[in-house]
Each structure stands twice: as structure tokens, then as C-alpha cells.
Amino acid sequence: MIASLDGDAVAYRALLDTMQTRLRIFFGKRLSRDTAEVDDLVQETLIAIHTRRGTFDRSQMFTAWSYAIARHKLVDHFRRSGRKPTVPLDDAPSLFVEDESAGVEARYDIEKALESLPPATQALIRDIKLRELSNAEAAQARGMSETAVKVAVHRGLKKLGSYLRSGGDVK
Amino acid sequence: MTGDIVAVLSADLAPVSHWYVARRLFIGAGTGIILSATLMLVFFGLRPDIHHAMGAGMFMTKQAYTLAFAIIAGLAAERVARPATSGRGRIAWVFVPLLLVTAVATVQLARATPHGRIPMVMGESASVCPWRILLLAIPPLAGLVWAMRGLAPTRLREAGAVVGLAGGGAGAFIYALHCTENTAPFLAAWYTLGMGASAFFGWLFGPVLLRWDGSYEQETKQRLFMADS
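Chains D and B, in that order, give the protein sequences.
The opening position of the first sequence corresponds to residue 776 in the numbering used here, with each subsequent residue numbered one higher.
The opening position of the second sequence corresponds to residue -5 in the numbering used here, with each subsequent residue numbered one higher.
Have a look at this one:
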């Protein structure tokens, strides 16, 4: 998204493509199988992402930003069609973090979240969770005991989780 | 149809400035402030002793107090104009000027003679002051509403209250150039009430006033339609 704001059309195209797929899943889950409705909302949201891209803060997480727009469009849709949403809207944000955390942009967001951790913990989580080393291998590589590694990773993940749940909102 | 949308949108891509949100809010508020200042000059007039007042402690306090509200709320508006971000962290700063002026007002009241206290709070214009502030708040508030509708607030009540307070602060700043009241208790009571009323107005009507202006989307849709046929 940051590349897109600077005018990189190739990156932008890839981003919109990914979003299109993910928005279809997002709206598909929340609206009964009405595909015309889903298509409309996907289009509405893509257009809103495009016309309002200036409101994306480069230090913000793209997933939080784009799903907030999608949610806004969904609420708007419910209001216009006079129906009640099936998911209480207050619960909605937590759903996104669990449901939609796959994908290119999400990986970028996780990178950003990782950067909020101390460097040592960061490196351990990368080794174990992303490069899939065993605890023992990681411990050996860093010259730590296995227990220390486990504790550090556990604490790191907990912090990471709370960071992601907060949406990385910068005050 | 939606297959093409990605192609059309990415063909339409132009670089966007870091300052997009701030600039738009600034244009909206600025236009309103000019209009509001004109209203004040035409209907109320500058205070006659403005040359003496300039630099006097109480005059500067009034200007600083109202300006602080306008700036803090303006900065919060820059946050709440974006999806998924909140202006709460920034708006909390209004408690600094609020507490400062309340403290000064308390000291002034404590030092006054018992008979002097009521006139200190009421001044000569308590009954009109908040209303006039509210009136002068309307143009900057309207400008900010216009700006917000083209941005993307998703917390409409919060956004309404924030632009209401920003408009109120700007309106009060302009009104203070006319008003000759010279006590901190007056400022703490009636100016705060005027600005607060403006914020409340924004909170109340935020969900209606701040619905996204669809004309930008409409334009893009037309382009899509043309690309389709």
C-alpha cells in the first residue's frame, strides 16, 4: 500500500487483487449466499479503498485500515436495507484478526508487529515460528538454555497477540 | 465486471501526499474561519480597546485558551478522519488548558470579596457569550464537516464531537477578539460552555452529518461503466 501511495501501479494492482479475494470472503461470511449483494459490496469497498487511499496512515496496519472500510460499507449496507447484522458489530474486529490473518499484507503487518518486540525475542520468534527450527536448535544457535528460549518465545507471542488485537493503533 | 475493476482502478492511480488528510481539514477549517471572522467584524466588531488589550495578560489567556482547544481538537480530527484510528489519545490534551484555566479561576474567586464573586463569573455578557460562540463556530464546523465527508471517519460520533470542539475553539477564538470580559472565572464558565455545546452538537449529529460523500465514488463508478461498454 505504501508503494501504491507513491504511485507504483504494479504493486497497487497486486494489492487490489488480493483485497478483492479477501473482501469476497469477508462479505460472503456475513451476508447469506446472496452473491449479487456480495459482488456489489466488494466493488463498493474496492472503490472506497481507491478514492480514500489518502486516509491511509503509512505507520498504520493495512489490514486494520482496509477492514475498517469494509466494515463501514457493511454497516451502511445494513442500514440502507433495514436489516440487522448477524454478527454483533462490537465483536467484529476480533473476528478479523482470527479469520483473515493470512496473505501478503498480513505478513507485512506481522513483520511490523514483530519490530515492536526486543531484538533478541524477535530473532527467536523468527527462528522458531517462521524458519521452523526446533527449540533446541534455536537455543544452541543463540547460546541460551532451552527453557529460557521457551519462556522468551511464549512472552513474545503474548505481546505480539496483544499488539495485533489492538490493531497497532498509533495514538 | 469486478474483474475489470482492479484494472481500471490501478490505471487511475496517482501518488498521494503524506499530508492529504491534514491539508483537506485545513482547507475546510480555514474557509470557515475566514467566514466566521467576517461575521464577527460585521455584526459584533472588534473590541474597541483592542490595541491596549493586546499583550495584556487576560486577553492573551483568552486567546491562548481557545486556540489550544482548536489546535488540540484539530490534531485529533486528523486521527479520527482515518478508518480504524481514534482521536482519543490526542483529545485528552484539552484537559491541560481546561485545568489550568479552572485553577486560575479558582484562585481569582478565592481572592475576591464575597460580593465581587458573582459579577466576576457573570461579567456583563454571560447570557449571550455561549450563544455567540456557538454561532461563530458554525462556519468552521461546516468546513470541517465538508472535509471529513471526503475523508474516511468510521467512528462518526467521536469524529462529530472532535470537529465540533475544533469548530467551537475557532469560534471562541474569534469571539474573544470582540468580547471585553476580563476575568478567568468568566472564561472558564462561559467560553468552555460555548465550546462544549459545539462539541455536543457535533456528537449528536455526527452520524448524520459525517456520512461519506459518495460523489467521489460515483465518479469512479462512471469511469468503470465507460470502461465496461
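Note that the Cβ used here is the ideal one computed from N, Cα and C, for glycine as well.
Residue i vs residue j beta-carbon contact at 8 Å
{"i": "L816(D)", "j": "F802(D)", "result": "yes"}
{"i": "A182(B)", "j": "T96(B)", "result": "yes"}
{"i": "L203(B)", "j": "G165(B)", "result": "no"}
{"i": "T60(B)", "j": "A178(B)", "result": "no"}
{"i": "H847(D)", "j": "T148(B)", "result": "yes"}
{"i": "F63(B)", "j": "M220(B)", "result": "no"}
{"i": "I900(D)", "j": "G931(D)", "result": "yes"}
{"i": "L128(B)", "j": "A71(B)", "result": "no"}
{"i": "P113(B)", "j": "I844(D)", "result": "no"}
{"i": "Y210(B)", "j": "T826(D)", "result": "yes"}
{"i": "C123(B)", "j": "W184(B)", "result": "yes"}
{"i": "E175(B)", "j": "G81(B)", "result": "no"}
{"i": "K10(B)", "j": "L780(D)", "result": "For the sequence presented, residue 10(B) should be read as Val rather than Lys. Yes, these two residues count as a Cβ contact at 8 Å."}
{"i": "G117(B)", "j": "F180(B)", "result": "yes"}
{"i": "G162(B)", "j": "A131(B)", "result": "yes"}
{"i": "L791(D)", "j": "M776(D)", "result": "no"}
{"i": "A75(B)", "j": "T830(D)", "result": "yes"}
{"i": "C173(B)", "j": "R41(B)", "result": "yes"}
Classification of residue i by the beta-carbon crowding that lies within 10 angstroms, buried from 16 upward
{"i": "I66(B)", "result": "buried"}
{"i": "S856(D)", "result": "exposed"}
{"i": "Q818(D)", "result": "buried"}
{"i": "Q915(D)", "result": "exposed"}
{"i": "T214(B)", "result": "buried"}
{"i": "R854(D)", "result": "exposed"}
{"i": "V98(B)", "result": "buried"}
{"i": "A23(B)", "result": "buried"}
{"i": "F37(B)", "result": "exposed"}
{"i": "R84(B)", "result": "buried"}
{"i": "I824(D)", "result": "buried"}
{"i": "W125(B)", "result": "exposed"}
{"i": "D224(B)", "result": "Since the displayed chain B opens at -5 and closes at 223, residue 224(B) lies outside it and no answer follows."}
{"i": "Q835(D)", "result": "buried"}
{"i": "I28(B)", "result": "exposed"}
Cβ-Cβ separation, residue j to residue i (assumed contact under 8 Å), whole Å
{"i": "L135(B)", "j": "G26(B)", "result": "7 Å"}
{"i": "L92(B)", "j": "A784(D)", "result": "At roughly 48 Å, the Cβ-Cβ gap does not stay under 8 Å, so L92(B) and A784(D) are not in contact."}
{"i": "R799(D)", "j": "V813(D)", "result": "6 Å"}
Relative to chain D, which residues along the segment 1 to 15 of chain B have a C-beta separation below 8 Å, given in chain order? Within the segment 1 to 15 of chain B, the qualifying residues are A1, L3, S4, A5, D6, L7, A8, P9, V10, S11, H12, Y14 and V15.
Interfacial residues, the segment 191 to 214 of chain B to chain D, with Cβ spacing under 7 Å: Cβ contacts with chain D: Y210, E211 and T214.
Residues of the segment 147 to 167 of chain B whose Cβ lies closer than 8 Å to any Cβ of chain D, in chain order: T148
If contact means a Cβ-Cβ distance below 8 Å, which residues of the segment 792 to 823 of chain D contact chain B? D792, Q795, D814, V817, Q818, E819, L821, I822 and A823
Taking Cβ-Cβ distances below 7 Å as the criterion, which residues of the segment 59 to 82 of chain B are in contact with chain D? A75, R76, P77, A78, T79 and S80
Contact set between the segment 21 to 54 of chain B and chain D, restricted to residues whose Cβ is under 9 Å from the partner: none
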